[in-house]
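Enquirer: One structure follows; several queries about it will come next.
Here's what the structure looks like:
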């Protein structure tokens, strides 16, 4: 859920010792790769909110405040009257989400809304303890509950400050951000009148459902494009496995263009993880036009991947080139470094690289449960488990924490949403996260929207000529429902 | 809200250097004063639950567990099927609440319920850090949110352990315990199907309403009995004030039977607080029979107080004797010690004495807002303010904390309960806390019940021949509504 976009800055820079530096999104704005965004992006002001460090302990080390970043624009706002559209920032630099959620801006323009994108604590520039934020115990203030309390307080205070006390608030979010939007609505309905939760896997991250679902659904994307694609991928991994068993590391290095030859089962495990992750990302980002949200991705990456798999001279080099769509989009890499391109963490779908990946790893080690496995039977990948036991072991060692299985379900209701209201759960059928979320409407105001041709929160992206009809329809529904919520909230408070 | 019952142990022992020791409630059970409870009390087992110390920080000092006490009886339970009735313990020893909430046991017997009374962290024997619990920073884990999470986890785990997974849960609470019941239902509707919140001042403790309401309503109780009563009290305080201005401390000592003569305006302030507190307690505990919940209280204490006030030889000694109803029920005191009988704290309605009073003071210094004032205009007491500024100053000095005004309203919705359901807000018209709560039904399932002749959560007490008709009617309504909730919850989950 997190891996993806973090690769961007990294890949743009290419390799060669610069792995510590990431381009800031503002710098990226000046980069031709993303210049197409520039004209469309709203005129956001970057601001900081004096935020309470620890909402849940008055005598902790967090007895103070930190600067939490947010982006705001009132260019569309019907001042004092139009609603407040608030993006509940998730695991990354808030500019990334603002620049890749153009639909929210379009909706703000259409409905006269004040628009805010809030950055999640411990991500981007919202580091409560600066570079010490990921030390123990400083990292302990990184929890879902703290993040929600941040948003509740920020909304309450900014409404006051901006003369927006009467303005209904609608929250938006994609992926983990969508989960936060759901949680904001169920925990703070006094503050939030409705939530659009795009691609929010609220069930699978709460330990509900089948641990095989995620990689099964990644596989389905490729299989649906062409059953031979799945077979080719599975065959390539099989060949790799055979060579590994023979400890023919030289041939593996050559076939996969590795900078160094693997020398242990651990290196092979790492290679398998890196390769599997490429498919995960292409499935999630299977948009009908090229994107620069999570690395540079071609249009229809699943199609490109399958064509690459099926047109290769041999299976293993085809697999290498397919992974290269993700890891070597610029073509500048001459070899792949196993441990800098992919970092294993408590999220088997990837944590990405950099500061933000540490934060996400911590969250996956505490509240967010992501014990997904591949098994080569229900999916096309090598068997790679990530059990609750493995998670406990890793997280204890890495962060000194004991994950509390079941806690997220207790805190945020799991699948028992019967008392909730005013939430849209949108999901794209191409998105491997989709079936970890709510796929069927639960009531008149808990509305599931399916986007058959949609990948990971496609609906939140700005309108594009290549958009399939299904996402256009979905956005229209979302727009109408939100307008209704705003109207009803206004009526109620008047 | 807290003061009251803590006086019991203290007063039973009388004075003379024994002020450090309190009778345990179990000891009290063997004491003739409370022996009438013995036959009626259900057969509770006292147990301990291994509770998470810090639900909101995986790397804090609270990275462990503590033993949380609870009382349980399955003597009425229709095993595996009957509901779970769960008392959300408040600011004190859980035995006190169990022994003074007989209605819940009666209801459990009638409806085949499993019955649990859970003790609030930092009270009674549920001290997370033993005698160090009230040190800084250890005390920091005392918050409403932690207490709610305790109950959520305890319910979830005990249901599993007891084979009660299918049993709907109804929470009960009085006063702050009633607030916790409301919060449980709005925060954890996945766990709790309904809440009976008796005398829960959810509005006034969230900073909503009029800071003069509380002592105005205390005054009203006495005034309603006889307008001359209010005049007499006001006259007595006036005389005291005049003597204090004249610095005639000897005469004050003599009139009020003080062990030591007052010697400063601070002592006079303390005396005023002590006297005002007696009226608060008698108004809250204005039951139609004698009780031993909060000290030993005669039947109809407001009536007794007013008769005492109006039949005295002079106003000041009448005021002394009226306060004696509370502070000297056994008649064994020969003089009053200003600073051991009453301790000023962040709750102007009193924090009581002992460990539990420290905990309540801390809560009033952090989340619970109790900035109530008397002013001698809308009430009969000397002007005594407790502003947000005074609170900040006191709490900073006492606990090193800065109260976060408005936080409880943000967290628990204040008066914006439109999305909540299945809560009974019962209030007695005699109770000065009543008008700080919900007095009018907000929807078909947010039901306000008024008990005209009821004092502080009278409805939760066991049936008594002296009960007024209004509380009998209220209990019947509560019983029927709860049975409906249980039925509906069972239907929903089947």
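Protein chains in written order, with this note's numbering: chain A, 1153 to 1646; chain B, 1153 to 1646.
Yeah, the Cβ is synthetic: ideal placement off N, Cα and C, and Gly gets one too.
No experiment lies behind these values; they were computed from the predicted model shown.
Using a Cβ distance threshold of 8 angstroms, determine whether the region 1258-1270 of chain B contacts the region 1285-1295 of chain B, with at least three qualifying pairs required.
Expert: Cβ pair count under 8 angstroms is below three, so no.
Enquirer: Please tell me whether residue 1297 of chain B has its Cβ less than 8 angstroms away from any Cβ of chain A.
Expert: Numbered from 1 along the second chain, position 145 holds the residue referred to as residue 1297 of chain B. True, the Cβ-Cβ gap to chain A drops below 8 angstroms.
Enquirer: Taking a Cβ distance cut-off of 9 angstroms, strictly less, list which residues of the region 1260-1292 of chain B are near chain A, in chain order.
Expert: So the close ones are 1288, 1289, 1290, 1291 and 1292.
Enquirer: Against residue 1243 of chain A, what residues of chain B qualify as contacts under a CB-to-CB distance less than 7 angstroms, listed in chain order?
Expert: The sequence position of residue 1243 of chain A within the first chain is 91, counting from 1. The premise fails here: residue 1243 of chain A is roughly 17 angstroms from chain B at the closest Cβ pair, so nothing lies under 7 angstroms.
Enquirer: Checking contacts by CB at 8 angstroms: is residue 1605 of chain B closer than that to chain A?
Expert: Here residue 1605 of chain B refers to the residue found at position 453 of the second chain. Chain A, which has no Cβ nearer than 8 angstroms to the Cβ of residue 1605 of chain B, makes this no.
Enquirer: Following the continuous alpha helix (DSSP H) through residue 1607 of chain B, name the residue where it begins and the one where it ends.
Expert: In the second chain, residue 1607 of chain B corresponds to position 455, counting from 1. Counting along the chain, residue 1607 of chain B falls outside any alpha helix (DSSP H), and DSSP gives it neither H nor E.
Enquirer: Does residue 1591 of chain A come out as helix, strand or coil in the three-state DSSP assignment?
Expert: Here residue 1591 of chain A refers to the residue found at position 439 when the first chain is read from its first residue. Coil at residue 1591 of chain A, not helix or strand.
Enquirer: I need the boundaries of the beta strand (DSSP E) containing residue 1220 of chain B, first residue and last residue.
Expert: Here residue 1220 of chain B is taken as the residue at index 68 of the second chain, counted from 1. Note, residue 1220 of chain B: beta strand (DSSP E), 1217-1225.
Enquirer: Using the Cα positions of residue 1618 of chain B and residue 1452 of chain B, report the straight-line distance between them to the nearest angstrom.
Expert: Translated into the one-based positions of the second chain, residue 1618 of chain B becomes position 466. Translated into the one-based positions of the second chain, residue 1452 of chain B becomes position 300. In a straight line, the C-alpha of residue 1618 of chain B is about 11 angstroms away from that of residue 1452 of chain B.
Enquirer: Please determine if the region 1512-1529 of chain B and the region 1439-1453 of chain B are in contact, where contact requires at least 3 C-beta pairs separated by less than 8 angstroms.
Expert: Taking 8 angstroms as the limit for Cβ pairs, the verdict is that the region 1439-1453 of chain B does not touch the region 1512-1529 of chain B.
Enquirer: Under a three-way DSSP split, which group does residue 1267 of chain A fall into?
Expert: Translated into positions along the first chain, residue 1267 of chain A becomes position 115. Residue 1267 of chain A: strand per DSSP, three-state reduction.
Enquirer: What are the start and end residues of each continuous alpha helix (DSSP H) run of 4 or more residues lying completely inside the region 1231-1277 of chain B, in chain order?
Expert: Complete alpha helix (DSSP H) runs here, min 4: 1246-1251 and 1254-1263.
Enquirer: Between residue 1628 of chain B and residue 1355 of chain A, what straight-line distance do the alpha-carbon atoms span, to the nearest angstrom?
Expert: Reading the second chain from its first residue, position 476 is the one you call residue 1628 of chain B. Reading the first chain from its first residue, position 203 is the one you call residue 1355 of chain A. Taking the straight line from one Cα to the other gives about 40 angstroms.
Enquirer: Which residue marks the beginning of the alpha helix (DSSP H) containing residue 1297 of chain B, and which one marks its end?
Expert: The count along the second chain starts at 1 and reaches residue 1297 of chain B at position 145. Note, residue 1297 of chain B: alpha helix (DSSP H), 1296-1314.
Enquirer: Hey, would you say residue 1337 of chain A sits closer than 8 angstroms to residue 1352 of chain A, going by beta carbons?
Expert: Taking the first residue of the first chain as 1, we reach residue 1337 of chain A at position 185. Taking the first residue of the first chain as 1, we reach residue 1352 of chain A at position 200. Not in contact: residue 1337 of chain A and residue 1352 of chain A (Cβ atoms no closer than 8 angstroms).
Enquirer: What distance in whole Å lies between the Cβ atoms of residue 1637 of chain A and residue 1333 of chain A, which are believed to be in contact at a cut-off of 8 angstroms?
Expert: Taking the first chain and counting its residues from 1, the one referred to as residue 1333 of chain A is at position 181. Taking the first chain and counting its residues from 1, the one referred to as residue 1637 of chain A is at position 485. Contact flag wrong, Cβ pair sits at about 13 angstroms.
Enquirer: Consider the Cβ of residue 1182 of chain A: report whether some Cβ of chain B lies at a distance smaller than 8 angstroms.
Expert: Walking along the first chain from the start, residue 1182 of chain A turns up at place 30. Bear in mind that a pLDDT of 38 at residue 1182 of chain A, under 50, signals an unreliable position, so the model cannot answer this.
Enquirer: With a threshold of 8 angstroms between beta carbons, is residue 1552 of chain A in contact with chain B?
Expert: For the purposes of this step, residue 1552 of chain A is identified with residue 400 of the first chain, where counting begins at 1. At least one chain B Cβ lies under 8 angstroms of residue 1552 of chain A.
Enquirer: Going by C-alpha to C-alpha distance, which of A:1209, A:1299, A:1295 and A:1570 sits closest to residue 1271 of chain A?
Expert: Looking up residue 1271 of chain A in the first chain gives position 119. Nearest C-alpha to residue 1271 of chain A: A:1299.
Enquirer: For residue 1536 of chain B, list the residues DSSP reports as bridge partners.
Expert: Taking the first residue of the second chain as position 1, residue 1536 of chain B is located at position 384. DSSP, once it has assigned bridges, lists B:1526 as partnering residue 1536 of chain B.
Enquirer: Tell me the DSSP secondary structure of residue 1404 of chain B in three-state form.
Expert: The sequence position of residue 1404 of chain B within the second chain is 252, counting from 1. Helix, per DSSP.
Enquirer: Does the region 1191-1205 of chain B touch the region 1230-1242 of chain B, meaning 3 or more C-beta pairs lie closer than 8 angstroms?
Expert: No contact exists between the region 1230-1242 of chain B and the region 1191-1205 of chain B.
Enquirer: My understanding is that residue 1126 of chain B touches residue 1610 of chain B, with C-beta atoms under 8 angstroms, so please give their C-beta distance in whole angstroms.
Expert: Any property of residue 1126 of chain B remains undetermined from this structure, which presents chain B solely from 1153 to 1646.
Enquirer: Kindly list the residues whose CB is nearer than 6 angstroms to the CB of residue 1429 of chain B, restricted to its own chain and excluding five residues on each side of it in sequence; keep chain order.
Expert: Along the second chain, read from residue 1 onward, the residue named residue 1429 of chain B stands at position 277. Closer than 6 angstroms at the Cβ level, and outside the excluded window around residue 1429 of chain B, lie 1494 and 1502.
Enquirer: Which runs of the alpha helix (DSSP H) fall wholly inside the region 1334-1416 of chain B and span at least 4 residues, in chain order?
Expert: Listed in chain order, they are 1365-1377, 1379-1397 and 1401-1408.
Enquirer: Tell me whether residue 1484 of chain A sits in a helix, a strand or coil according to DSSP, three-state version.
Expert: By 1-based counting over the first chain, the position of residue 1484 of chain A is 332. Coil at residue 1484 of chain A, not helix or strand.
Enquirer: Looking at residue 1661 of chain A: is its Cβ nearer than 8 angstroms to the Cβ of residue 1341 of chain A?
Expert: There is no way to answer for residue 1661 of chain A, as the model of chain A reaches only from 1153 to 1646.
Enquirer: How is residue 1642 of chain A classed by DSSP in three states: helix, strand or coil?
Expert: In the first chain, residue 1642 of chain A corresponds to position 490, counting from 1. The answer is helix: DSSP assigns residue 1642 of chain A an H, G or I state.
Enquirer: I want to verify the contact list: residues of chain A whose CB lies under 7 angstroms from the CB of residue 1360 of chain B, in sequence order.
Expert: Counted from its first residue, the second chain places residue 1360 of chain B at position 208. Within 7 angstroms Cβ-Cβ: nothing; residue 1360 of chain B doesn't reach chain A, min ~12 angstroms.
Enquirer: Which residues of the region 1557-1568 of chain A have a Cβ closer than 7 angstroms to any Cβ of chain B? Give them in chain order.
Expert: Hits within the stretch, in order: 1562, 1565, 1566 and 1568.
Enquirer: Mind checking the region 1198-1212 of chain B against chain A and listing, in chain order, the residues whose C-beta falls within less than 9 angstroms of any C-beta there?
Expert: So the close ones are 1204, 1206, 1207, 1208, 1209, 1210, 1211 and 1212.
Enquirer: Shortest alpha-carbon distance to residue 1463 of chain B belongs to which of B:1380, B:1403 and B:1498?
Expert: By 1-based counting over the second chain, the position of residue 1463 of chain B is 311. Of the listed residues, the one whose Cα sits closest to residue 1463 of chain B is B:1380.
Enquirer: Have a look at A:1438, A:1309 and A:1564 and flag the residue whose alpha-carbon is nearest the alpha-carbon of residue 1371 of chain A.
Expert: Position 219 of the first chain, counting from 1, holds the residue named residue 1371 of chain A. Residue 1371 of chain A has its Cα closest to that of A:1438, out of A:1438, A:1309 and A:1564.
Enquirer: Note down, in chain order, every chain A residue with its Cβ under 9 angstroms from the Cβ of residue 1544 of chain B.
Expert: Within the second chain, numbered from 1, the residue matching residue 1544 of chain B stands at position 392. What residue 1544 of chain B touches in chain A: nothing, since even the nearest Cβ is about 12 angstroms away.
Enquirer: Helix, strand or coil: which one does DSSP assign to residue 1623 of chain A?
Expert: Along the first chain, one-based indexing puts residue 1623 of chain A at 471. Looking at residue 1623 of chain A - three-state DSSP - the assignment turns out to be helix.
Enquirer: With a cut-off of 8 angstroms on the beta carbons, I'd call residue 1115 of chain A and residue 1626 of chain A a contact; round off their distance for me.
Expert: It is not possible to answer for residue 1115 of chain A, since the shown part of chain A is limited to 1153 through 1646.
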